[in-house]
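Contents: one structure, followed by commentary.
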Amino acid sequence: MTEEAERLQRAARVRAVRRARRDARTRAARVRRALLAPTSAGEPYAPGR
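All letters in the sequence shown, in the order written, are residues 1062 to 1110 by my numbering.
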């Protein structure tokens, strides 16, 4: 494999890792928001979420 191809492959891997991290952070934030969201009175949890 040429040096250029290796560099491109490494760059693609870095992008994939960054995207995965960003997605995980976004997912965690959504879960946190859902868990912190107030529920209506008499409803201990929000079913179907």
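All C-beta atoms, glycine included, are put in the ideal place defined by N, C-alpha and C.
Every value quoted in this text rests on a predicted model; they were computed, and no experiment measured them.
TODO: Could you check the C-alpha separation between T1087 and A1077 for me, to the nearest Å?
DONE: Translated into positions along the sequence shown, residue 1087 becomes position 26. Translated into positions along the sequence shown, residue 1077 becomes position 16. Straight-line Cα distance between these residues: approximately 15 Å.
Task: Straight-line gap, A1095 to R1079 (C-alpha atoms, nearest Å) - done: As a position in the sequence shown, residue 1095 is number 34, starting the count at 1. As a position in the sequence shown, residue 1079 is number 18, starting the count at 1. Distance between the alpha carbons of A1095 and R1079 is about 24 Å.
- [ ] Classify T1087 as helix, strand or coil using the three-state DSSP reduction.
- [x] Along the sequence shown, read from residue 1 onward, the residue named residue 1087 stands at position 26. T1087 falls in the helix class under three-state DSSP.
Open item on the list: In whole angstroms, give me the CA-to-CA distance for R1068 and P1099.
Closed with: Residue 1068 sits at position 7 when you count from the first residue of the sequence shown. Residue 1099 sits at position 38 when you count from the first residue of the sequence shown. If you take the alpha carbons of R1068 and P1099, they lie about 49 Å apart.
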